[in-house]
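Here the structure comes first, spelled out in structure tokens, and everything after it is commentary.
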Amino acid sequence: MAMNKPRVICHMMSTVDGKIIVENWGANKKISTFSSIYEKCHESFKSQAWMVGRVTMEKDFTEGKRPQLTKTKQTVAGNVFIGDTNASSFAIAVDPKGKLGWESNQIDGDHIIELLTTQASKKYLHYLRQKSISYIIAGKKQLNFKSALKQLSNSFPIKTIMLEGGGHLNGSLLNEGLIDELSLLVIPIADGTPKTPTTFEIGEEFPKRGATQLHLTEVKQLQADVLWFKYRTKK
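Under the numbering used here, the residues of the sequence shown are numbered 661 to 895, in order.
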């Protein structure tokens with residue numbers, strides 16, 4: 661029986677040895693070219709949302725901003741809060757404990773949705789409500805991705821999500837069988853840096869399930885010697 665959830669497309673850029681930390685690739689014009697190719701490929705998909713983990717969001721978007729929390733006597737009820745009922749595009753932040761700070765409720769016009777666990781404090785929920793930032797609470801110590809995706813489908817006009825890292829977030833959804841497609845840009849760099857994330861990382865705290873079988877649907881050679889692989893996951 662098919663699960664009620666958005667289609668999840670994991671869209672990533674990696675070296676030939678699977679590494680994904682851009683800072684290890686040196687500072688030159690080619691890196692910005694690779695990033696431009698990545699964004700152009702992203703835009704080719706008809707998606708309504710993109711999703712990243714807390715570390716990626718802090719590094720690339722919030723610049724480590726911390727939330728300014730205040731005491732409140734207001735009751736914070738319910739596991740779903742919709743901050744903008746008119747939003748049609750979304751930036752989804754996987755932030756289990758509620759640590760991200762925000763300037764506003766959108767990133768480049770995409771309305772922010774926080775995915776939280778019950779470990780997020782009531783102060784933090786109040787903070788998000790004050791900023792009109794949407795949130796979904798799913799899970800206790802670990803995020804329940806199946807529940808979160810179901811709520812995203814039921815509460816927001818989201819049919820397709822672009823999953824864009826980091827490696828541990830990708831690995832968590834892969835391990836749960838929740839990724840439908842993989843869009844992988846392989847750049848002409850061999851990294852070799854030890855103990856750095858790859859496209860998919862499954863933490864030791866999670867029971868490892870079987871390997872995921874893929875079906876190749878398309879290969880393209882792009883500019884700057886970049887290869888674009890598209891796969892479907894075999895269910």
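All C-beta atoms in this analysis are idealised placements derived from N, C-alpha and C, irrespective of residue type, glycine included.
DSSP places Arg892 inside the beta strand (DSSP E), whose first and last residues are Leu887 to Thr893. Only exposed fits Leu876, as fewer than 16 other CB atoms lie within 10 angstroms of its CB. Restricting attention to beta strand (DSSP E) runs no shorter than 3 residues, the region 719 to 770 encloses them at 750 to 754, ordered along the chain. Beta-bridge partners assigned by DSSP to Thr820: Arg667.
Counted as a single uninterrupted DSSP element, the alpha helix (DSSP H) harbouring Thr716 occupies residues Arg714 to Met717. In the structure shown, Val676 adopts coil according to DSSP, grouped into three states. The beta carbon of Lys782 sits closer than 8 Å to those of Thr732 and Val736, all from its chain and outside the five residues before and after it, given in chain order. The Cβ neighbour count for Gln811, taken over all protein chains shown within 10 Å, is at least 16; the residue is labelled buried. Taken in chain order, the whole beta strand (DSSP E) runs of length 3 or more contained in the region 775 to 812 are 794 to 797. Contact between the region 816 to 824 and the region 662 to 669 is present: three or more C-beta pairs spanning the two stretches fall below 8 Å.
The straight-line gap separating the alpha-carbon atoms of Thr730 and Ile691 is approximately 41 Å.
Within its own chain, the residues whose Cβ lies closer than 7 Å to the Cβ of Ala850, once the five positions on either side in sequence are excluded, are Thr675, Val676 and Asp677, listed in chain order.
For Lys706, the secondary structure class from DSSP, reduced to helix, strand or coil, is coil. Per DSSP, the beta bridge partners of Ser843 are His671 and Lys890. The beta carbons of Leu760 and Arg714 sit about 6 Å from each other, so the pair counts as a contact at 8 Å.
In the structure shown, Glu865 adopts coil according to DSSP, grouped into three states. Distance from the Cα of Gln779 is smallest, within the candidate group Gly758, Ser843 and Ser707, for Gly758. Per DSSP, Leu834 is one residue of the alpha helix (DSSP H) stretching across Gly827 to Asn835. Inclusion of Met672 and Ser843 in the CB contact set at 9 Å is warranted, their separation being smaller than that value.
DSSP links Leu874 through a beta bridge to Thr893.
Counting the other CB atoms within 10 Å of its CB gives Phe866 a total below 16, which places it among the exposed residues. Cβ neighbours of Lys679 within its own chain (closer than 7 Å, five residues either side excluded): Asp851, Thr853, Thr856 and Thr858. According to the DSSP secondary-structure assignment, Val879 is paired through a beta bridge with Phe889.
When secondary structure is reduced to three states using DSSP, Thr693 falls in the helix class. Contact between Glu836 and Phe805 is confirmed by a C-beta separation of about 5 Å, below the 8 Å threshold.
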